[in-house]
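Just so you know, numbering that gives the first Met the number 0 puts 45 at position 46 of the sequence shown, and the rest follows in order with no gaps. What follows is a single structure, written as structure tokens, with notes after it.
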Amino acid sequence: MAPEDRERLKDSIEREGVRDPIRAYREKGNTKWQILSGFNRWEIASELGLETIPLEIVEAEDRQAYAIEDNLARRHLTTDQKRKLVAYLLKQNPDLSDRQISKQSGTDHKTVSKIRKKAESTGEIPQLEERTGADGKQRRKPTLKQEPPFQQTAGKQAKPEPSTKHLIADLKAEQRDLQAQKKEIEKRLSQIEKEIQKLSPTKKKGKP
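In structure tokens, the structure reads:
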């Protein structure tokens, strides 16, 4: 931190105290706390003799994510820098979901997915069937729905199943054929009725 920036921070802390909590963690089995972010605030507070300062305790296994988040909040990364950060996070935590890595790196989850696939294809990271979400639960990685392969017979590739549009067209054509057959049958029945009427004896009109 530049001297002038430190002076401004000191003046602020002297007037209002430490507003943003200091983040610290402690390794398992260790009694000594390690400052993750806010070292300058802690140092100035000590110089000013402040008795209490706000503290946020971070789990040791989460310290990397907090450190990255803290750095991202203080600087603007280029697209290339973000992609390199995603690749680094994937190598460190390949079991985390794309959205988790996306949140930590400030990138789109689709970008994370592309970088993951490339890293998996080159063997830089393992291909895991399950990934850890934001709630800490293990879930199977998303898979793309694949269409069933076409059956092949006699060295020829079978045609794909007809679409709904084609099926409707076939049904309409069959309906037209049935209607034409119906008309033909009705016509034949009418002719037969006429023939029967000709063969039937007719009564002659007589006087009463």
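Just so it is clear, CB atoms sit at the ideal spot from N, CA and C, and this is done for glycine as well.
- Straight through space, the alpha carbons of lysine 81 and threonine 106 are spaced by roughly 7 Å.
- Here alanine 23 carries a strand assignment [DSSP, helix/strand/coil].
- For glutamine 33, the closest alpha carbon among the candidates Arg40, Arg25 and Ile100 is that of Arg25.
- Arginine 130: member of the beta strand (DSSP E) spanning 129-131, first to last residue.
- Membership of isoleucine 56 in the beta strand (DSSP E) is indicated by the continuous run 54-56.
- By the neighbour-count criterion, in which a residue is buried when 16 or more other Cβ atoms sit within 10 angstroms of its Cβ, leucine 198 is exposed.
- Glutamine 33: not part of any alpha helix (DSSP H); member of the beta strand (DSSP E) spanning 33-36, first to last residue.
- For glutamate 15, the enclosing alpha helix (DSSP H) covers residues 2-15.
- The alpha-carbon of glycine 16 is positioned some 17 Å away from that of serine 36.
- A check of alpha carbon separations from glutamate 13 across Met0, Asn29 and Thr51 identifies Thr51 as the nearest.
- When DSSP states are grouped into helix, strand and coil, leucine 49 belongs to the coil group.
- Classified as exposed, leucine 47 has fewer than 16 neighbouring CB atoms from the shown chains inside 10 Å of its CB.
- One alpha carbon belongs to aspartate 176, the other to isoleucine 184, and they sit about 12 Å apart.
- Residue pairing by DSSP puts leucine 95 in a beta bridge opposite Thr131.
- With distances taken between CA atoms, threonine 78 lies nearest to Val111 out of Lys31, Lys186 and Val111.
- Ranking Leu84, Glu129 and Leu54 by CA distance to the CA of isoleucine 21 puts Leu54 first.
- If you check the CB distance, serine 96 and threonine 121 do not come in under 8 Å.
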